[in-house]
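Numbering (the numbering used here), first residue to last: 1141 to 1316. What follows is a single structure, written as structure tokens, with notes after it.
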């Protein structure tokens, strides 16, 4: 994985992608503790439009907007890429590639989550997993500066984390 130092110093949009229980909110909260990253959570704010407004405000302040929502398909992620383009900043993406059963278990154990109750976890996570369409990188040439994905998505970086330790390690790199 690439070193997070180069991009943590300038404003950009960091799109988190994953099913419920995959660790997105934990990751976003860890980054937000630094003051340079701002967690933009639909679970907290209530709707996408409030998230879009906060993202624009965060970018105008020169900070990094961490989009903490499932962003389960190209259409969902397109909004954040559009805002980044409007503001003249780049997008990075972290894909949380975790096992559905582990995510269900984690959701069932959560206390006080903003939206998903433990009794609803299996149904909600299974539904989201069925509809989940993660970014699919297209192999790039050595001269390309960004990651092109099927569906027209483009990110400066696309990180894929497949364990909670990998996510913690990546957060550490962003915070350096």
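Cβ coordinates follow ideal geometry from the N, Cα and C atoms, glycine included. Owing to the predicted nature of the structure, the values given are computational and were not obtained by experimental measurement.
Item	Value
Cut-off 6 Å between Cβ atoms - residues of its own chain near residue 1288, not counting five sequence neighbours on either side	1278, 1294
Cα-Cα separation, residue 1303 to residue 1257	23 Å
Simplified DSSP state of residue 1165, which is helix, strand or coil	helix
Residue burial classification, residue 1164 (beta-carbon count within 10 angstroms, cutoff 16)	buried
Proximal residues to residue 1255 (C-beta, below 7 Å), its chain only, five neighbours per side dropped	1183
Own chain residues within Cβ distance below 8 Å of residue 1229, not counting five before or after	1150, 1151, 1152, 1153, 1199
Residue 1229, enclosing alpha helix (DSSP H) - first and last residue	No alpha helix (DSSP H) holds residue 1229; DSSP gives it neither H nor E.
Contact the region 1209 to 1228 vs the region 1236 to 1250: 3+ CB pairs below 8 Å	no
Short Cβ contact (9 Å threshold) for residue 1223 with residue 1171	no
Candidates 1193, 1190, 1262, 1290, of which the one nearest residue 1273 by Cα	1290
Cα-Cα separation, residue 1243 to residue 1225	32 Å
Neighbour-count burial assignment, residue 1298, 16 or more Cβ in a 10 Å radius	buried
Of the residues 1196, 1300, 1276, 1158, the one placed nearest residue 1292, counting alpha carbons only	1276
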